[in-house]
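Report on the following structure.
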Amino acid sequence: MVGGTVLLGFLPHSCRVALRHASMVPRISCVTQVCATVSRWELRPVRTIHHSPRVCAGHNKWSKVKDVKIPRDHERAQMMAKLSMMIRFAVKEGGPNPEYNAALAQVIEQCRSKNVPKATIEHAIKGADKSKSSTQHLYEVRGPSGFMALVEVLTDNSKRSNQEIRHLLNKHGAAICEGARHSFSKKGVIMATRGDLSSDQALELAIEAGAEDVKETEDEEERAMLQFICDMGEMRAVREALDKLGVSTVSSGLEYVATMGAPLTTDQLRDAHVLLEAVKDHVDVVRIWDNIEAKD
Numbered sequence: 164m165v166g167g168t169v170l171l172g173f174l175p176h177s178c179r180v181a182l183r184h185a186s187m188v189p190r191i192s193c194v195t196q197v198c199a200t201v202s203r204w205e206l207r208p209v210r211t212i213h214h215s216p217r218v219c220a221g222h223n224k225w226s227k228v229k230d231v232k233i234p235r236d237h238e239r240a241q242m243m244a245k246l247s248m249m250i251r252f253a254v255k256e257g258g259p260n261p262e263y264n265a266a267l268a269q270v271i272e273q274c275r276s277k278n279v280p281k282a283t284i285e286h287a288i289k290g291a292d293k294s295k296s297s298t299q300h301l302y303e304v305r306g307p308s309g310f311m312a313l314v315e316v317l318t319d320n321s322k323r324s325n326q327e328i329r330h331l332l333n334k335h336g337a338a339i340c341e342g343a344r345h346s347f348s349k350k351g352v353i354m355a356t357r358g359d360l361s362s363d364q365a366l367e368l369a370i371e372a373g374a375e376d377v378k379e380t381e382d383e384e385e386r387a388m389l390q391f392i393c394d395m396g397e398m399r400a401v402r403e404a405l406d407k408l409g410v411s412t413v414s415s416g417l418e419y420v421a422t423m424g425a426p427l428t429t430d431q432l433r434d435a436h437v438l439l440e441a442v443k444d445h446v447d448v449v450r451i452w453d454n455i456e457a458k459d
């Protein structure tokens, strides 16, 4: 998603470096409801396609920042720790049974899609009762070059987290900015393996399933993936439709999707990357979304 940075490769929509990819990944399209249009095969009531300009999807925008490297082992360890935090929080909020706790079920699914060991998942669930109660916060941030970001925090000490995160932001020329959330829209995001699907085929499937948008991206292992974006209330129906159409979906969840991108130069991208990595490394930060795009 446009700058949809989801820590640890969730959702997809995170601030990560794809060093081996020099080209930017295109946004396939956006679709809006109308009466009827001609599809490739027949006339039927579907959705009109509005092609968007080329943008950098997912973490591929960092491909221009070639001199920045993130150790893969460190990144995976960080991912495991933050997923465990999310599991414990979900259990505290809704109980340990994923059949009756939708938030927990979504986190567990994300864990499985990232090959988190079953023992790690079970340990986090069992350890929830012994862990301190946490509160959830969403920081609205304006970056030094004008981009916007949302930072999700889970903490057992809100005062400490607030002070430390504000210090990190100030150190890198960023600040808390009320209203940054207006640059995003909360959507359902369904991740799927791309396989041999072309952009046109992915678009046809998105329209058929009732998705609003589909984007090309990669997971943390640099495997080709597709993000199907839809209304929050339609996420389950869209995923079921995709499954019936033969799409290999791997996870789904609610994400903040940027509604307007902030194009940055290579130097600005480098500064933004340093800032977001510093914030991501904070122990209480679990996910970050941004609206950053790479200028051509």
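Numbering (my numbering), first residue to last: 164 to 459.
Glycine included, every Cβ here is placed at the ideal spot set by N, Cα and C.
If you're wondering where the values come from, they're calculated on a predicted model, not measured in any experiment.
Asked	Found
Is D447 helix, strand or coil when you go by DSSP?	coil
When burial is assigned at 16 or more other CB atoms within 10 Å of the CB, is H345 buried or exposed?	exposed
List the DSSP bridge partners of Q390.	M354 and K378
Below 8 angstroms between beta carbons: does that hold for I392 and E375?	yes
Hey, quick one: how far does the alpha helix (DSSP H) through G257 stretch, first residue to last?	R235 to G257
Between L317, Y302 and V304, which has its C-alpha nearest I250's C-alpha?	L317
Counting Cβ pairs closer than 8 angstroms, one from the region 433 to 443 and one from the region 396 to 413, do we hit at least three?	no
By DSSP, does K407 sit in helix, in strand, or in coil?	helix
Three or more C-beta pairs under 8 angstroms: does that hold for the region 444 to 451 against the region 313 to 327?	yes
So with Cβ pairs under 8 angstroms, would you call G258 a contact of chain B?	The chain inventory of the structure shown lacks chain B, comprising one protein chain alone.
In this structure, how does DSSP classify G396 when only helix, strand and coil are distinguished?	helix
Does the contact criterion of 3 or more C-beta pairs under 8 angstroms hold for the region 270 to 279 versus the region 238 to 249?	yes
How would you label S163, buried or exposed, when you count the other beta carbons within 10 angstroms and need 16 or more for buried?	Limits of the chain in this structure are 164 at one end and 459 at the other, which puts residue 163 out of reach.
Given a threshold of 16 other Cβ atoms within 10 Å of its Cβ, counted over all protein chains shown, does P261 qualify as buried or as exposed?	buried
Under the three-state reduction of DSSP, which class applies to V420: helix, strand or coil?	strand
Alpha carbon to alpha carbon, how far is A369 from R275?	24 angstroms
D430 by DSSP, collapsed to three states: which one?	helix
What does the Cβ neighbour count give for E403, buried or exposed, with the cut at 16 atoms within 10 Å?	exposed
Let me confirm a value: R305 is counted as buried when at least 16 other C-beta atoms fall within 10 Å, else exposed. Which label applies?	buried
According to DSSP, is H300 part of a helix, a strand, or is it coil?	strand
Here's the rule: buried if 16 or more other CB atoms are within 10 angstroms of the residue's CB, otherwise exposed. What is Y419?	buried
Please go through the same chain and pick out, in chain order, the residues whose beta-carbon is closer than 8 angstroms to the beta-carbon of M395, but skip the five residues on each side of it.	K349, K350, G351 and L417
Please check the pair A253 and N264, which I expect to be a contact at CB under 8 angstroms, by giving their CB distance rounded to whole angstroms.	6 angstroms
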